[in-house]
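One structure below.
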Amino acid sequence: MRTSEEIIIIGAGAAGLIAARELSAHHTVTVLEARETTGGRIQTVYKDGVKSAETGAEFVHGELPITLGLLKEAGLSYYNIYGKMFQVRDGKWDARYEMIEDWDGLLEKMSAIPTDTTMQAFLNEHYPGEQYASLHESVQSFVQGYDLADMTKVSVKALYREWTNESEKNFRIDRGYSAMIHFLEDVCRRQQARIITNAVVSHIEWSAGMVKVTTKAGTTYTGTKVIIAVPLGILQQGAIHFSPALPAHTTAVHQIGWGTVIKTVLAFKEPFWEKHAEQMGFLLGKAPIPTWWTQLPDKANVLTGWLGGPPAIPHLHKTNEALLEMALQSLAILCNESIDMLKAQLVESHISNWATDPHISGSYSYSTPATTAAQVVLNTPVDGTIYFAGEALYNGASPGTVEAALSTGKAVAERILKRASQK
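Heads up: the sequence shown begins at 1 in UniProt numbering, then just goes up one per residue.
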């Protein structure tokens, strides 16, 4: 039985769509998406109906219950990835078994800090002096590359929780992450939810039990509740104006770190890297784009490059052509090949520069020492009328993931449904 609630959801990424799926079975739901397509930072490229590239989210980082549950429900298969990690040292490929020297000792010191601090401050205190320069560099490369974080802002306690909860298993979805998004979208539509794209929300006027949402085009939508499930970067820009204002929430969104990344997916005629190692999963080295991976166990002749965190910032406004050139230069350095050979071998390329997408404005979040308190503010409904969701609001062991987004969207929906059942 449908209620009189009319819920507006802003953002048709993973968080917004799972909230819409849960709520549209009981309430009237309208989803407003700024981009032309749903999915947000999930964008699979298909060629002749087959997954060609993941330009956004790619991995399922472990046995994540909501993500894997959705895949099972949708009948979508996934597979375990594998492959050795190599680092290029003095032009040679060396198998690398430990990302950071004295990893266990580092974790022990991180676990013992009485109050939270930034990783840079922690290293300066516990590993001072030139003798630890190599460790500083290794930690910085990992924090910037994996968490996309600024060393002077990222939380030590959050990194410790994340690093000690990492799964050895990682998966890819056979048909790509977008297949999961399409499944959610189809369920929402079957449950009579409206999903409207190219709807850039600029203003939310509200009072208890009433919202009026206005887009840049001047279209208005009214409802009884609103869920804001847009990327953190959009909130940090103040792209959505609230009336009355939400000063505590404005402060809170700036207390969560927001990363950036440039991702390049390159397809080649031949797997030239196999002359160095047939089972290469990941390759790290000193190059403009320092991190690369294959599609193993899929034998596709594809390499994905990843430039994350502060080192990506100087390159954000380069053209895709310039970024492709930088990617090829990086592979030339790491694989000891000529640019001409790489260009002759190149079949297809996809450059993802999410920071320049006006409706995304970055990649994924990371925690600062102030983030936990900020998340409490953002996860608390405003007069039972305004709710927030998205991976940046997640405080579990899988930050910055699709699972994080799904978890928050589902939690908000459950809170609304519980409140409705108590009336």
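Just so you know, even glycine gets a beta-carbon here, dropped at the ideal spot from N, CA and C.
None of the values given here were measured: they were computed from a predicted structure.
Alpha carbon of residue i to alpha carbon of residue j, nearest angstrom
i, j, result
"residue 136", "residue 370", "23 Å"
"residue 33", "residue 272", "41 Å"
"residue 328", "residue 90", "19 Å"
"residue 346", "residue 338", "12 Å"
"residue 149", "residue 3", "43 Å"
"residue 264", "residue 417", "41 Å"
"residue 201", "residue 311", "31 Å"
"residue 131", "residue 303", "35 Å"
"residue 166", "residue 62", "8 Å"
"residue 134", "residue 210", "56 Å"
"residue 50", "residue 292", "23 Å"
"residue 121", "residue 158", "14 Å"
"residue 171", "residue 206", "42 Å"
"residue 57", "residue 64", "15 Å"
"residue 27", "residue 357", "32 Å"
"residue 245", "residue 238", "11 Å"
"residue 336", "residue 342", "11 Å"
"residue 139", "residue 54", "27 Å"
"residue 284", "residue 96", "9 Å"
Test item: CB-CB of residue i and residue j under 8 Å
i, j, result
"residue 355", "residue 316", "yes"
"residue 351", "residue 334", "no"
"residue 153", "residue 257", "yes"
"residue 391", "residue 365", "yes"
"residue 193", "residue 215", "no"
"residue 93", "residue 277", "yes"
"residue 225", "residue 7", "yes"
"residue 378", "residue 249", "yes"
"residue 160", "residue 107", "yes"
"residue 156", "residue 116", "yes"
"residue 313", "residue 385", "no"
"residue 395", "residue 368", "no"
"residue 168", "residue 420", "no"
"residue 353", "residue 262", "yes"
"residue 398", "residue 404", "yes"
"residue 374", "residue 229", "no"
"residue 22", "residue 413", "yes"
"residue 320", "residue 267", "no"
"residue 222", "residue 35", "no"
For residue i, the residue or residues it bridges with in DSSP
i, result
"residue 80", "171"
"residue 6", "28"
"residue 282", "85 and 293"
"residue 302", "267"
"residue 250", "Paired residues: none, contrary to the question."
"residue 421", "Beta-bridge pairing links residue 421 to no other residue."
"residue 315", "Residue 315 is not bridged to any residue."
"residue 165", "Beta-bridge pairing links residue 165 to no other residue."
"residue 155", "118"
"residue 95", "86"
"residue 366", "257"
"residue 382", "386"
Rounded distance between the beta-carbons of residue j and residue i, thought under 8 Å
i, j, result
"residue 146", "residue 296", "Residue 146 to residue 296, Cβ: 19 Å. No contact."
"residue 71", "residue 78", "6 Å"
"residue 14", "residue 382", "Incorrect: roughly 23 Å between the Cβ atoms, too far for contact."
"residue 407", "residue 195", "Their Cβ separation, rounded to whole angstroms, is 21 Å, which puts residue 407 and residue 195 out of contact at 8 Å."
"residue 17", "residue 235", "That pair is no contact at about 19 Å."
"residue 9", "residue 31", "5 Å"
"residue 74", "residue 188", "Between residue 188 and residue 74 the Cβ distance is about 13 Å, and since that is not below 8 Å, they are no contact."
"residue 227", "residue 387", "5 Å"
"residue 86", "residue 280", "6 Å"
"residue 233", "residue 113", "Contact doesn't hold; Cβ gap of about 29 Å is too wide."
"residue 433", "residue 305", "The structure shown does not extend to residue 433, since the chain is modelled only from 1 through 423, so no value can be given for it."
query = On the three-pair Cβ rule with 8 Å, is the segment 34-43 touching the segment 166-179?
reply = Below 8 Å, enough C-beta pairs join the segment 34-43 and the segment 166-179 to call them touching: three or more.
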